[in-house]
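Reviewing the structure listed below.
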Amino acid sequence: MTPGQPLASALILAHVLERPLRALLSIVGVGLGVLASVAIGTANVEVLRSFEQTVMTVAGPATLEIVGHDLGVDEEVITAVSRLSGVASAAPLLEETLIVASGDHRGEAIQVFGLDLLTEVGARGFRIQEADRERALEGLFASDIIYVGQELAVGSNIALGSSLEVIAGGRIVRLRVGGLIEGKNGRSSLWDRVAVMDVAAAQVLFSLIGRLDRIELVTQPEQQVDEIAATVRSVIPPHLIVQRPARRTEQVENMVRSFQLNLKVLSWVGLLVGTFLIYNTMAFSVAQRRREIGIYRALGMTELRVAALFLTEGGLLGLLGGLLGGVGGIWLAQTLVSLVSRTITEIYVPIVSGHAVFLLDRQSISAVGKGIAFGMGVAMLGALAPSLEASRTITVRALAPGDYEQAQQVRGRLFMWMSLIFLTVGAFSSLMGPVAGLPVFGYLATLCVLASLACLSPLCVQALGCRIRNRKTAAATLGGTLRQVAADHASRHPGRNAVTVSALMVGLAIMIGVVVMVRSFRETVEAWVNETVMADLIVAPPTWLQGKQVGHASRALPGSLEPVLSSIEGVAAVDTYRDVQVEVQGQPVTLVSRALRVHAQQSRYLVVQGDSTATLTRAAETGGVLVSEVLANRLGLYTGEQVTITTPKGPQTVTVEGIFYDYATDGGKMVMERTRYRELWNDDRVTVFAVYLSPGAKSGQVRQALLDVLAQREERTIPPIVIRNRDLRREILEIFDRTFLLTYVLEMIAVLVAVLGIVNTLVTAVLERRREIATLQAIGASTKQVERLVLWEAVYLGLIGAVLGVIGGLALAWILIVVINKQSFGWTIRMTVPVGLLIQAVVLAVTAAWIAGYFPARWAARQPVAEGLRQE
Amino acid sequence: MLKLDQVSKIYQRGEATIAGLDRVTLDVATGDFCAFVGPSGCGKSTLLNLIAGLDRPSAGEIVLDGQSTARFTSNDWTRIRRESIGIVFQAFHLVPGLSAEENVAFPLLLRGDGRKAVQSRVEETLALVDMTHRRRHRPSELSGGEQQRVAIARAIVHQPKLILADEPTGNLDSHHGADIIELLRTLMRRFHQTVLLATHSIAAAEAADYVWTMKDGQLLTRTAREPLPIGQ
């Protein structure tokens, strides 16, 4: 440490402590920005880590797995593969979900694994503590015995030996807790939070005799895994997939990559706005200490040291903000993990979030470290320009009496050109395609639009003053005079005020952009739902509305129900809808099979070209398929082209008869005739029955008749539910709204940081104008009138920010809809501009500015007048 | 018109206690032109600030128009300043965003006067200070002398009984300074106003009816002068 360093530290500390409120404001602003980014980053990582841990823990020593997605794997495959050279062992696995049917924890889901317990206890990293050791072996195979993870048992009040009423595969059953399981090494693991059963018992329990979810293979270490995989592929049905367990994690990662990236980018907005906030704080700090800087320079401090002094001060604020945001972010991430998991589960794939308890572990420390790095980075970036400006202080002027800070003049022409350049680059970027599937240029276009508007903001602020200076008549009212004084003052510092305006503009533009995008998306989805969800009633499995769950036993109904439903009076037609996850050309695809002719008559698909009825009828006749716009884009498919799909009966080439808009999933959808599907996949199950009523039939009566018929079918079975059309539509839109909940939270954080920026600016303005305000009070201005003056300035800044924010928001909405969303997810969204919403946003911004100005205004009006008059 | 009885103003600066004004007793009659002279920090501005209600005394009593101000609230003082007090500052302190006429109109607008009344009053007052031709100009477009004329117009536009001028010539050359003092004298005689002038300038003080010398927050000597005829 050089002798100068303690002195510099003392100076920095003294400056920070001199205005503790402003320092606190900056720290909180940076902290909020960091909080959002750390929370999203941590939650994103935690969700996938949790999924990966599940995959890897269950897989244990397995190096390969055979999967059949939704349709599962025939257990006979195990015999064929276990005797292959290179395969050391082949273990069956069934993964399902139980729903607690009674007690305090009713409705809770329990993930259950069906394993070959006799051979695998001990091999998968858990051990069982049995209730009845003497009958332990017998218990292993009983279909009503379940072994529950210790943590789950504690959390759900499940005692060893107790019985548990659950819903399994649509039936209510009573299971006995035969033992508690725990991780072998004593540390918390996945096994503490799930339940296991013997695979045969699980097959009986879930009515999945002969079916497995996957077969896990342990290969001989001396042989190449890829070679063994090729051998395995040669002896199993063609539609089954042989892969390394880690590929499941990769698939999920790929699936949610765009979703997570969008969240992450949104979470950075707070950081961006925080940069403006720090700029503002440091710019004021420099202005206020101009004389002091002159003294430093006169005493021999170099320009570099002056810049370093201010940069370090900014860095210190960033460090504290980063620390605050890092710790807060970890805390927030605990809530976000479940929210992100839920969204991913609802729109992509079931993910169990596990328990996100962040302790003082390496991950938490790294997240806080990241927060500090973000905070310091953002703060030092924000402090850079003011620090350089400080270093360029003209010593003589700074030491001379009078104001150093003259009314600033911005280089209008330069800013105009910069704005145009950014706009042009943004426009070109928006025309570029994705990079590695990610809308990198879309994000660049967004940044360019914001930068272009930020360049315009000093001109707008200055124009505020020009308008007043060029007016022809004098202000004749007090209101007019106060507004004029406020506008003039705002315009006298276009540089600094433009930063506040820009911060508000960025926060607002992103809020408007996202809201317009979400609203447009919602209206598109609503129109799509209205035009395509035409069935009067939907007969579905009881858990169908509860979102995706691990396992498929309860996600389907027997196809034999169709004639039963059709025979009910008032029912005109029944469509059998089946959706299963398959892989087409390596892409996860939702394969939908249904009675296309019924659908053609009663409902429609929103086809990109042509007529729905004709397209559906043609597909039914030719055995061709319709593919969703997303899948068509992803695989480069066009109408009339042929695509090869792998089925249990081998590869089949089908013709693409049409492309349709679909917003149910971004994973892609393929639709085919049910009879063709049954023939190829040998699957008679139905996901839901779409029931169309005869003209004049009463929906309520038919629904009751359906419920009655379904209730009589089997005892102790939860009957399928019958959903009314309007309820289904509502549910779809509720899921949609939940998906964007997190987006709104992130936006609010950005706007909050922007509001802190306004508070900061107004405090600055008030401090700078203490003499002016004191003069007004001396000539008779009351406390309220001074408050009004400061509030008008806030409103002016808010108004400019709002106008630019609306312009930026609309541009951003367009980029989000046409570029980012299209390249990320492939959906076509019709952009609608909700005028009412824009007005609300403007009112919100101006109100936020007004509220932000209230406290500085109150403070200003209550300062000692004589002291204010003494200020130079 | 104005009485100060044992008025003190004490400032606390860390451990130290500084008497800005030390037991000042003063009696000013209506129509008096009284100057306070003394070195920097002697308490001239503090005295004017206390009389204007811009600051509160630490001890003693100020009586304005026979009314004790001891219990005046901040709002009461605002009202008093709007009605009865006009202030002229050394650095003019015009509002930079407003033109000359808007600056002059400001005190009237602040107290809620009607548009027409304000307009005619502003025109009249600008004519009195000979600034009608510069009424549309902003402070930055006016010379120091012109700015101070506008500041005087602003101080008298609401026809106050008491004008407090704190170093009004401090930022002006001697020629313009003399003009300003002359203007103040003319106006006070015409409208029978009381003027309290704090100044360094002996020349400015000579225009007053009597001069108080101040030192270390105390009034030392009072020197009365022969009243000058109007216009001289």
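Protein chains in written order, with this note's numbering: chain C, 1 to 872; chain Z, 1 to 232.
No residue lacks a Cβ here, since even glycine has one placed at the ideal position from N, Cα and C.
I'd like to know whether the C-beta of residue i is nearer than 8 Å to at least one C-beta of chain C.
i        : result
Z/His93  : yes
Z/Leu196 : no
Z/Gly97  : yes
Z/Glu167 : no
Z/Ser74  : yes
Z/Pro291 : Outside the shown range of chain Z (1 to 232) lies residue 291 of chain Z, about which nothing can therefore be said.
Z/Val106 : The question names Val, but residue 106 of chain Z in the sequence shown is Phe. So yes, Z/Phe106 belongs to the interface.
Report back the beta-carbon spacing between residue i and residue j to the nearest angstrom; my notes put them in contact at under 8 Å.
i        : j        : result
C/Val235 : C/Leu64  : That belief does not hold up - the Cβ atoms of C/Val235 and C/Leu64 are roughly 13 Å apart, past 8 Å.
C/Phe113 : C/Val58  : 6 Å
C/Tyr279 : C/Ala490 : About 17 Å separates the two Cβ atoms, so there is no contact after all.
C/Arg604 : C/Thr590 : So it is not a contact: roughly 19 Å between Cβ atoms.
C/Leu205 : C/Ala168 : 5 Å
C/Gly808 : C/Met505 : 6 Å
Z/Val122 : Z/Ala105 : 5 Å
C/Thr783 : Z/Ser84  : Going by Cβ atoms, the distance from C/Thr783 to Z/Ser84 rounds to 19 Å, so no, they are not a contact pair.
Spatial neighbours of residue i within its chain, please: C-beta separation below 7 Å, excluding the five flanking residues on both sides.
i        : result
C/Val533 : Asn725, Leu728, Arg729
C/Met380 : Leu311, Gly314, Gly315, Gly318
C/Ile128 : Val121, Tyr147, Gly179, Ile181
C/Gly60  : Ala123, Arg124, Gly125
C/Arg597 : Thr617, Ala620
Of all the CB atoms in chain Z, is at least one closer than 8 Å to the CB of residue i?
i        : result
C/Ala356 : Caution is warranted here: a pLDDT of 49 is assigned to C/Ala356, below 50, making its placement in the model unreliable, and no coordinate value can be reported.
C/Arg496 : no
C/Glu303 : no
C/Ile839 : no
C/Gln363 : no
C/Glu772 : yes
Kindly indicate the opening and closing residues of the alpha helix (DSSP H) around residue i.
i        : result
C/Lys370 : 362–391
Z/Glu123 : 115–128
C/Ala201 : 199–205
C/Gly161 : Careful: C/Gly161 lies outside any alpha helix (DSSP H) and carries neither H nor E.
C/Gly868 : 865–870
C/Tyr796 : 783–814
C/Gln873 : Given a span of 1 to 872 for chain C in the structure shown, any question on residue 873 of chain C remains unanswerable.
C/Asp70  : Segment: none, C/Asp70 is in no alpha helix (DSSP H) and carries neither H nor E.
C/Met505 : 494–532
Output needed for residue i: all residues of its chain with C-beta closer than 8 Å, excluding positions within five of it in sequence on either side, in chain order.
i        : result
C/Leu637 : Val627, Leu631, Val643, Val656, Ile659
C/Val786 : Ile773, Leu776, Gln777, Ala857, Ala860, Ala861
C/His105 : Ser156, Asn157
Z/Val28  : Met1, Leu2, Lys3, Cys34, Thr194, Leu196
C/Gly377 : Gly318
C/Val518 : Phe740, Thr743
Z/Phe238 : Because chain Z here runs from 1 to 232, residue 238 of chain Z falls outside it and cannot be looked at.
C/Ile241 : Ile66, Val67, Gly68, His69, Glu583
Grab the span of the beta strand (DSSP E) containing residue i for me, first residue to last.
i        : result
Z/Met214 : 210–215
Z/Arg23  : 16–28
Z/Gly86  : 85–88
Can you give me the Cβ contacts of residue i inside the same chain, cut-off strictly under 6 Å, excluding the 5 residues immediately before and after it?
i        : result
C/Leu423 : Ser452
Z/Val129 : Arg149, Ile152, Ala153
C/Leu323 : Ile372
C/Pro434 : Gln823
State yes or no: is the C-beta of residue i nearer than 7 Å to some heavy atom of the ligand FAD?
i        : result
C/Trp681 : In the structure shown, the ligand FAD is absent, as is every other ligand, since no ligand is present at all.
Given that residue i touches chain A, what residues does it touch there, using C-beta distances under 7 Å?
i       : result
Z/Asn49 : Among the protein chains in the structure shown, which are C and Z, there is no chain A.
Three-pair Cβ contact test at 8 Å for the stretch 164–181 of chain Z versus the stretch 143–151 of chain Z: Result yes; three or more Cβ-Cβ pairs closer than 8 Å.
Validate contact between the stretch 495–503 of chain C and the stretch 646–655 of chain C using beta carbons, cut 8 Å, 3 pairs: Counting Cβ pairs under 8 Å, fewer than three are found: no touch.
Touch test, the stretch 86–93 of chain C against the stretch 209–220 of chain C, Cβ-Cβ under 8 Å, three pairs minimum: In short, these stretches touch, since the Cβ pair count reaches three.
Stretch pair the stretch 474–488 of chain C + the stretch 90–99 of chain Z: three plus CB contacts closer than 8 Å: Output reads yes: the stretch 90–99 of chain Z touches the stretch 474–488 of chain C.
The stretch 498–518 of chain C in contact with the stretch 803–820 of chain C per 3-pair CB rule at 8 Å: With the cut-off at 8 Å, the stretch 498–518 of chain C and the stretch 803–820 of chain C touch.
At least three beta-carbon pairs within less than 8 Å, the stretch 28–44 of chain C to the stretch 263–274 of chain C: Contact holds: three or more Cβ-Cβ distances are below 8 Å.
At least three beta-carbon pairs within less than 8 Å, the stretch 196–215 of chain Z to the stretch 172–183 of chain Z: Yes: the two stretches touch, three or more of their Cβ pairs being nearer than 8 Å.
Cβ pair count under 8 Å reaching 3, the stretch 14–26 of chain C against the stretch 758–765 of chain C: Yes, since at least three Cβ pairs between the stretch 14–26 of chain C and the stretch 758–765 of chain C fall closer than 8 Å, the two stretches touch.
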